[in-house]
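Chemist:
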Amino acid sequence: FNFKKTIGLLLVFKSNITVQIKTIQLVDSGTYAEVWQGSWQGSPVAVKVFPTSSVRHYVNERKLYSLPLLRHDNITRFLEAEERIEGDHKKYLLVLEFYPLGSLRNYLYSNTSDWDTTLHQALSLTRGLAFLHSEVWNNGAYKPAIVHRDLSSENVLMKTSRICAICDLGFSMVVSNTGPMADGAKKVGTLHYMSPEILDGSLNLNNWKTALKQADVYSVGLILWEIFMRCTRLFQDNKKGKYQYGPAYENELKGNPTFAEMSQWVSEKRERPKIPEVWKENIQLYKCLKEILEDCWDQDAEARLTA
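27 is the number that UniProt numbering gives to position 27 of the sequence shown; each next residue is one higher, with no gaps.
1. Exposed or buried, what is residue 263 when buried is set at 16 or more other beta-carbons lying within 10 Å of its beta-carbon?
2. Do residue 84 and residue 97 have their CB atoms nearer than 8 angstroms?
3. Return yes when the Cβ of residue 153 is within less than 8 angstroms of the Cβ of residue 226, no when it is not.
4. Measuring straight from C-alpha to C-alpha, what distance separates residue 148 and residue 132?
5. From residue 254 to residue 60, what distance separates their C-alpha atoms?
6. Assuming contact is defined by CB atoms lying nearer than 8 angstroms, are residue 20 and residue 36 in contact in what I supplied?
7. Residue ranges of each alpha helix (DSSP H) run of no fewer than 4 residues wholly in the segment 65-107, ordered along the chain?
8. DSSP three-state label for residue 205, please.
9. Hey, could you find the ends of the beta strand (DSSP E) residue 37 is sitting in?
10. Assign residue 142 to buried or exposed, taking buried as 16 or more other Cβ atoms, counted over all protein chains shown, within 10 Å of its Cβ.
11. Using a Cβ distance threshold of 8 angstroms, determine whether the segment 66-74 contacts the segment 90-109, with at least three qualifying pairs required.
12. Relative to the C-alpha of residue 144, which residue among 128, 176, 26 and 168 is closest?
13. Rounding to the nearest angstrom, what Cα-Cα distance links residue 248 and residue 87 in this structure?
14. Three or more C-beta pairs under 8 angstroms: does that hold for the segment 101-110 against the segment 198-212?
15. Pull up the distance between the alpha-carbon of residue 271 and that of residue 265, whole angstroms please.
16. Determine the closest residue to residue 310 out of 164, 162 and 168, with distance taken between C-alpha atoms.
17. What does a CB cutoff of less than 6 angstroms around residue 211 pick up in its chain, not counting 5 residues either side in sequence?
18. Does the Cβ of residue 283 have 16 or more other Cβ atoms within 10 Å, making it buried, or fewer, making it exposed?
19. Per DSSP, which one or two residues make a beta bridge with residue 142?
20. May I ask you to list the residues that DSSP assigns as paired with residue 158?
21. By how many angstroms is the C-alpha of residue 123 removed from the C-alpha of residue 217?
22. Tell me which same chain residues have a C-beta within less than 6 angstroms of the C-beta of residue 48, skipping the five on either side of it?
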């Protein structure tokens, strides 16, 4: 992360554990919340601060993080949540484990990886999604299946150079319950990572639970492409500066494309991130990699891989 400014701040939570965050640095500021770096009992933590206008996102994340068994190496670790009043304003805070390497996107901008490291990054990402999508029972406790709905390389954090952790459950929802879809048909998420069926409104509402999982897999396919594009083993010259990193569709759609432009590119024209020419060679490794990516971002949602 690029620290934008440093402010001394003391946050005191009245809860079953006393949380004191000191010397906080603003890490990132998004549409719905700010993320701060702080220290709790000598350990670094991340504090996600939601304004009143984003209380729905706070409530949703807190509810999901509070589910039994929602602990996994490849999901951001939740520590505590609290609401606090500052003057006339109310703020909502989530305290999470802090990952100093920052987001996968920022990491890829600055780093390439060898084949072994790249594989670990990719596997940890897919394991995290597989865990979210799965129902888990253990000693009477139950974790329902969850869809993320906003997967992007910005919403994946680097625990280490080899291990990813999915974060930001603000748009996530439980899909194990019966009945009609609540608000899953809404076109939410990061525009560049929205699947064709989300963009053009053709999501299969008759089987919405599976359909939303398939939309997540499309997004993961784009993130995997970003990861593999920074693997030195996959390019013949192995020169770090030769293949500059860019998020999916950044080079094809300059600036900030509109929803209509994104829908036309992905849904109507069926365009996908460019596969490097070297990956098209008749070598088993390249063929396997190309097949995995194409099976993730297939236009036909039902033909995609499952997490």
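Yeah, the Cβ is synthetic: ideal placement off N, Cα and C, and Gly gets one too.
Bear in mind the structure is a predicted one, so any value in this text is a computation, not a measurement.
Modeler: Put simply:
1. On the sequence shown, position 263 is the one that residue 263 refers to. Of the residues assessed, residue 263 falls on the buried side of the cut-off, its CB having 16 or more other CB atoms within 10 angstroms.
2. Within the sequence shown, residue 84 is the residue found at index 84, counting from 1. Within the sequence shown, residue 97 is the residue found at index 97, counting from 1. In this structure, the beta-carbon distance from residue 84 to residue 97 does not fall below 8 angstroms.
3. As a first step, residue 226 is located in the sequence shown; it is residue number 226 there, counting from the start. As a first step, residue 153 is located in the sequence shown; it is residue number 153 there, counting from the start. At a Cβ-Cβ threshold of 8 angstroms, residue 226 and residue 153 count as neighbours.
4. As a first step, residue 148 must be located in the sequence shown, where it is residue number 148. As a first step, residue 132 must be located in the sequence shown, where it is residue number 132. If you draw a straight line from the Cα of residue 148 to the Cα of residue 132, it is about 8 angstroms long.
5. Along the sequence shown, read from residue 1 onward, the residue named residue 254 stands at position 254. Along the sequence shown, read from residue 1 onward, the residue named residue 60 stands at position 60. Rounded to the nearest angstrom, the two C-alpha atoms are 33 angstroms apart.
6. The residue labelled residue 20 in the question sits at position 20 within the sequence shown. The residue labelled residue 36 in the question sits at position 36 within the sequence shown. Taking 8 angstroms as the Cβ cut-off, residue 20 and residue 36 do not qualify as a contacting pair.
7. With a minimum length of 4 residues, no continuous alpha helix (DSSP H) run stays inside the segment 65-107.
8. One-based indexing of the sequence shown puts residue 205 at position 205. Secondary structure at residue 205: helix, using DSSP grouped into helix, strand and coil.
9. As a position in the sequence shown, residue 37 is number 37, starting the count at 1. Here the beta strand (DSSP E) through residue 37 covers 34-40.
10. Walking along the sequence shown from the start, residue 142 turns up at place 142. Looking at its Cβ environment, which holds fewer than 16 other Cβ atoms inside 10 Å, residue 142 is exposed.
11. The segment 66-74 and the segment 90-109 do not touch, with fewer than 3 CB-CB distances between them shorter than 8 angstroms.
12. Taking the first residue of the sequence shown as 1, we reach residue 144 at position 144. It is 176 whose Cα lies nearest to the Cα of residue 144.
13. Taking the first residue of the sequence shown as 1, we reach residue 248 at position 248. Taking the first residue of the sequence shown as 1, we reach residue 87 at position 87. Looking at the two C-alpha atoms, the distance is approximately 43 angstroms.
14. Flag = no, the segment 101-110 and the segment 198-212 do not touch.
15. The residue labelled residue 271 in the question sits at position 271 within the sequence shown. The residue labelled residue 265 in the question sits at position 265 within the sequence shown. When rounded, the separation of the alpha-carbon atoms in residue 271 and residue 265 is 6 angstroms.
16. For the chain, the structure presents residues 1 to 307; residue 310 sits outside this window and is missing.
17. Along the sequence shown, one-based indexing puts residue 211 at 211. Hits under 6 angstroms: 203 and 204.
18. Here the question's residue 283 lines up with position 283 in the sequence shown. Exposed is the call here.
19. Translated into positions along the sequence shown, residue 142 becomes position 142. Bridge partners of residue 142: 137.
20. For the purposes of this step, residue 158 is taken as residue 158 along the sequence shown, with counting starting at 1. As computed with DSSP, residue 158 is found in a beta bridge with 164.
21. Within the sequence shown, residue 217 is the residue found at index 217, counting from 1. Within the sequence shown, residue 123 is the residue found at index 123, counting from 1. When rounded, the distance between both Cα atoms is 14 angstroms.
22. Residue mapping note: residue 48 aligns to position 48 of the sequence shown, counting from 1. In the same chain as residue 48, and ignoring 5 residues on each side of it, the C-beta atoms closer than 6 angstroms to its own belong to 33, 35 and 94, in chain order.
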